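One structure below.
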Amino acid sequence: MICECTLTVRSYECDSYGHVNNANYLNYLEYARYEFLRSIGFDYPRVIRVGYGVYVARVEIDYKKSAVTDDSLLIRSWPVKKGAVSGIIAQEITRGEDLIAAARVTWAFVDSRGQPVKIPGEWNLPGLDPKSN
Numbered sequence: 000m001i002c003e004c005t006l007t008v009r010s011y012e013c014d015s016y017g018h019v020n021n022a023n024y025l026n027y028l029e030y031a032r033y034e035f036l037r038s039i040g041f042d043y044p045r046v047i048r049v050g051y052g053v054y055v056a057r058v059e060i061d062y063k064k065s066a067v068t069d070d071s072l073l074i075r076s077w078p079v080k081k082g083a084v085s086g087i088i089a090q091e092i093t094r095g096e097d098l099i100a101a102a103r104v105t106w107a108f109v110d111s112r113g114q115p116v117k118i119p120g121e122w123n124l125p126g127l128d129p130k131s132n
């Protein structure tokens with residue numbers, strides 16, 4: 000399953016060169032991952048309330064082209080790997096036909112102490128597994 004969401008680049012996200020500062024892409028990707036989780040029925044606020052979390056363990060980003068103020072960006076997110084405790088979500092940011100950035104985000108399910116734990120059944124949803132899509 001591929002989740003798609005859009006956003007428009009705001010002027011304050013741009014650096015002195017007039018393009019989106021590389022650190023802001025992390026925010027764009029975070030927003031899109033949250034939308035991905037919602038789209039598969041993953042209740043992240045409830046996960047937090049009962050003492051768990053989903054931590055980002057690694058982010059790999061390949062920057063391909065610049066985005067500028069008022070660009071309309073499409074962000075696609077989909078699972079590419081899932082284990083008992085962690086997984087990887089692939090993401091692409093595009094503007095029209097142009098690939099702006101591509102990312103792979105490794106996540107891990109953790110307990111209230113921040114220690115990796117096996118994903119409890121309630122949150123081990125098929126949408127996290129690329130094989131079920």
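When you line the sequence shown up against numbering that gives the first Met the number 0, it's residues 0 to 132, in that order. The beta carbon of each residue, even a glycine, is placed where N, CA and C say it ideally should be. Every value quoted in this text rests on a predicted model; they were computed, and no experiment measured them.
Note that the C-beta distance between residue 92 and residue 79 is not below 8 angstroms. Residue 110 is positioned such that its CB atom lies no closer than 8 angstroms to that of residue 94. Here residue 63 is near residue 99, since their CB atoms are less than 8 angstroms apart.
Note: residue 130 is not bridge-paired with any residue in the DSSP secondary-structure output. In this structure, the CA atom of residue 54 is about 14 angstroms from the CA atom of residue 41. Looking at 17, 33 and 89, the one whose alpha-carbon comes closest to that of residue 60 is 89.
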